[in-house]
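Here this note's numbering runs 8 ahead of the position in the sequence shown, where the first position is 1. Where is the CB? At the ideal position from N, CA and C, for every residue including glycine. Below is one structure, written out as structure tokens; the observations come after it.
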Amino acid sequence: MTPSADPSAPATRHGQRLKLLAVTACPTGIAHTYMAAEKLTQAAEALGHDIKVETQGSIGAENVLTDNDVSQADGVIIAADKDVDRSRFVGKRLLVVGVAEGIHHPEQLIERVLEAPVHEPGGGTGRGSGGGTVSGRGAPGVLGPGRGTVYKALMNGVSYMIPFVVVGGLLIAVSLALGGHPRPDGGLVIPDGTFWKHVNDIGVIGFTLMVPILSGYIAYAIADRPALVPGMIGGWIANTGALYDSKSGAGFIGAIVTGFLAGYLVLWIKKLRVPKFVRPIMPIIVIPVLATSVLGLFFIYVLGRPIAWVFEHLTDWLGGLTGTSAALLGVLLGLMIAFDMGGPVNKTAFLFGAGLVSRNPEIMGMCAAAIPVPPLGQGLATLLRRGMFSEQERETGLAALFMGFFGITEGAIPFAAARPARVIPANMLGGAVAGAIAGLAAVGDSVPHGGPIVAVLGAVSGVPMFFIAIGVGMVVTALTTVTLMALGGGERGAAARGGAGAGAVAVPVARTAGTAVGAAPVAPEVLSGYLTGRTVRLELTAVRKEAAIREMAELLAGTGQVRDVDALVTAALAREELGTTGLGEEIAIPHAKTDAVSAPVVGFARSAEGIEWGALDGSKARLIFMIAVPEALAGDEHLRILALLARKLLDPGFRERLLDAGGEGAVLGVLAEVR
9 MTPSADPSAP ATRHGQRLKL LAVTACPTGI AHTYMAAEKL TQAAEALGHD
59 IKVETQGSIG AENVLTDNDV SQADGVIIAA DKDVDRSRFV GKRLLVVGVA
109 EGIHHPEQLI ERVLEAPVHE PGGGTGRGSG GGTVSGRGAP GVLGPGRGTV
159 YKALMNGVSY MIPFVVVGGL LIAVSLALGG HPRPDGGLVI PDGTFWKHVN
209 DIGVIGFTLM VPILSGYIAY AIADRPALVP GMIGGWIANT GALYDSKSGA
259 GFIGAIVTGF LAGYLVLWIK KLRVPKFVRP IMPIIVIPVL ATSVLGLFFI
309 YVLGRPIAWV FEHLTDWLGG LTGTSAALLG VLLGLMIAFD MGGPVNKTAF
359 LFGAGLVSRN PEIMGMCAAA IPVPPLGQGL ATLLRRGMFS EQERETGLAA
409 LFMGFFGITE GAIPFAAARP ARVIPANMLG GAVAGAIAGL AAVGDSVPHG
459 GPIVAVLGAV SGVPMFFIAI GVGMVVTALT TVTLMALGGG ERGAAARGGA
509 GAGAVAVPVA RTAGTAVGAA PVAPEVLSGY LTGRTVRLEL TAVRKEAAIR
559 EMAELLAGTG QVRDVDALVT AALAREELGT TGLGEEIAIP HAKTDAVSAP
609 VVGFARSAEG IEWGALDGSK ARLIFMIAVP EALAGDEHLR ILALLARKLL
659 DPGFRERLLD AGGEGAVLGV LAEVR
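Spelled out as structure tokens, the structure:
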């Protein structure tokens, strides 16, 4: 096939076999990624076009598009709910939509891509119909901010920030532990020029970069590469209070603000009409320089000065409270310390305590007790309810526990940035409790630092009550966090979808062995033996999603592979909170990676009336699969089976045979078609 000579001219609809490309991706990289790919492939074949689809799933990119593929393509469709690099598609017609559009309207997308705008260098697109829009939801780098766009941009920044938090915090903690020497007045000092001083300096660099990285990659997710520089420099300015006459910077909250400001400022600049000769230098010179200058000066002269004024007066106000109840002052300081974890509110409380450390060490004692509570509490939460957190969050939780011991409050920032409405109140409640207990017990701290380390080094008076204050605050934060996360599940979780695709198939996963009850004498192997007659139910009694997930979990428990049914249900509901597992077409696939199961296991059940699962196409789930996999075994095999299942379920005939199958043996026979 010969590609169109002029990519700006509409491609021929009839009489020409087009060559199309597509990229599909969803935040979790599992079912929706592969279902969208299969739907687009089927639609292209039905319309008489060629298409190659690259899937960016959890096991990495598959069927990767080559330079030769791109050079010959007539159009490109990106059906994704996460950031996809578009720089390789310059000069090609490019249509960007959410992954759900690829599942539910593939034919329309193929028609629309013929008139989509041409992708220009730097992420811009030429004017034309049908390009750069998402039905009902935003996408990274696309105009039209929606809740989905904001959430995905924030998560993009958090994911890039986490390694800097972990590396910086751990290096600082290790250098203090192994290279610090006690000072006469308490605390630690690392001698200049020593090996551990250099390790500490490297950790400080990691912490310093943490905030601009968060800001920069929020902006990048919104407006692509031209927004990266203004986002990062804006985050650095926000975190450097000296630039706007403040004793402390705006911290990670300021970075979130500058990230979104930079992203949407760059999007606005991209819309400006400029002479043709200026376009090539827009993404590499004009946009970064203009956006960086405007954003930086705006923060310094407009946002920064009010921030400085507010926190100067806040310090004066705190000074007037020293004669009030110690418990009340402890509550206020604890709330402030835990609010923004190294930001201006935290720094105001810390500097207030540090300034009085020689005259009134009890005030610093209140601060010192509250300082480690956010990271210790969030780390404890990941241990108490592992199924509620991703693998990356659990690893970050262990690092947070370590950082909390050394009084590094910033260890909790990744959790607060990801779930501010739940984590920040939990942190503040725990911090307030710790501060109040320390105030009532007249705990003193003779050095301007906090955390258990200062007590170990002998800088704290009233050590037992100091540890009690920290311990109680830590437990309060952890329990409040998991409670608020649990309350956010169920129906609220379904309403909060947008980080993942939609659909109507539920799939928990399990592995069992044995002969199916009621099946033929020699049962066929289904999904590599993960699903047997023991995990098939011809008719669910549940009529709501939460009840259906519990009924499926109890079904899987019959295999003996489920250690804790309640923990499995919690893990599956936590996954639903990230985005519905209802895939549409009357299918739902709930799934969980949790140590509540001892081996992988898969269950299948039907619902005659259907269960509301939050699918975007509005269909109720009648075919429900559940997948449960232990943490240690959750790898490529799990994703391969899920991808095969998701693709097979797109076949209307296969779904019809599953619905009509008269017994467990017949159901297993139909499911054995999954290859």
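Nearest Cα to ARG558 within the set PRO422, SER333, VAL577: VAL577.
For VAL464, the enclosing alpha helix (DSSP H) covers residues 460–464.
In the three-state scheme derived from DSSP, where H, G and I count as helix and E and B as strand, THR248 is classed as coil. Of the candidates GLU664, ILE595, LYS601, TRP204, the residue whose Cα lies closest to the Cα of ALA582 is LYS601. For THR63, the secondary structure class from DSSP, reduced to helix, strand or coil, is strand.
Minimum Cα-Cα distance from THR248 among the listed residues PHE307, MET290, PHE268, ILE295 corresponds to PHE307. In the three-state reduction of the DSSP assignment, LEU539 falls in the strand class, which pools E and B. Contact check for ILE241 against THR300 passes: the beta carbons are separated by less than 8 Å.
Rounded to whole angstroms, the gap between the alpha carbons of ARG120 and ALA674 is 42 Å. Annotation for THR549: GLU559 place their beta carbon closer than 7 Å to its own, counting only its chain and skipping 5 residues before and after. With the rule of 3 Cβ pairs closer than 8 Å, the stretch 215–234 counts as touching the stretch 260–269.
In this structure, LEU48 and ILE85 form a Cβ contact; the two beta carbons are roughly 7 Å apart against a cut-off of 8 Å. Sorting GLU62, GLY239, PRO238 by C-alpha distance to the C-alpha of ALA88 places GLU62 at the top.
Under the criterion of beta carbons closer than 8 Å, ILE379 and THR417 qualify as touching, at roughly 5 Å. The secondary-structure analysis by DSSP pairs ILE619 across a beta bridge with ALA629. For PHE414, the three-state secondary structure derived from DSSP is coil. A Cβ-Cβ distance of about 46 Å is found for the pair ALA334 and ALA229, leaving them out of contact under the 8 Å criterion. Boundaries of the alpha helix (DSSP H) around ALA434: 428–448. Within a 10 Å sphere around the beta-carbon of SER254 sit 16 or more other beta-carbons, which makes this residue buried. Cβ-Cβ distances below 7 Å link TYR168 to ILE221, TYR225 in the same chain, with the five nearest sequence neighbours on each side left out; the list follows chain order. Setting aside the 5 residues that flank it on each side, ILE210 is surrounded in the same chain by LEU179, each with a C-beta closer than 6 Å to its C-beta; the list follows chain order.
Given a length threshold of 3 residues, each whole run of the beta strand (DSSP E) inside the stretch 556–630 is given here in chain order: 590–592, 599–601, 609–619. In the three-state reduction of the DSSP assignment, VAL92 falls in the coil class, being assigned neither a helical nor a strand state. Residue environment for PRO472: exposed (fewer than 16 other C-beta atoms within 10 angstroms of its C-beta).
For ARG101, the pairing in a beta bridge is given by DSSP as VAL126. Ranked by Cα distance from GLY592, the options TYR42, ILE111, LEU103 are led by ILE111. A distance below 8 Å separates the beta carbons of ALA377 and ALA446. Looking from the CA of GLU584, the closest CA among ARG101, ALA575, PRO598, ARG571 belongs to PRO598. From the listed residues ALA623, GLY587, GLU547, ILE213, the smallest Cα separation to ILE595 is found for ALA623.
Take the alpha-carbon of CYS375 and the one of ALA346: they are about 10 Å apart. In its chain, beyond the 5 residues on either side, ALA512, GLU594, SER615, GLU617, GLY618, ILE619, GLU620, TRP621 have a beta carbon closer than 8 Å to the beta carbon of LYS628. Taking C-beta separations shorter than 7 Å and ignoring five residues to either side along the sequence, the partners of VAL490 in its chain run ALA389, LEU392, ARG393, MET396, following chain order.
A contact is defined here as three or more CB-CB pairs under 8 Å, and the stretch 480–494 meets this definition with respect to the stretch 415–433. Secondary structure note for ALA486: its alpha helix (DSSP H) is the uninterrupted segment 471–495. Nearest Cα to PRO638 within the set LEU667, VAL610, SER606, GLY626: SER606. Remark: C-beta atoms of GLY338 and GLY443 approach each other more closely than 8 Å.
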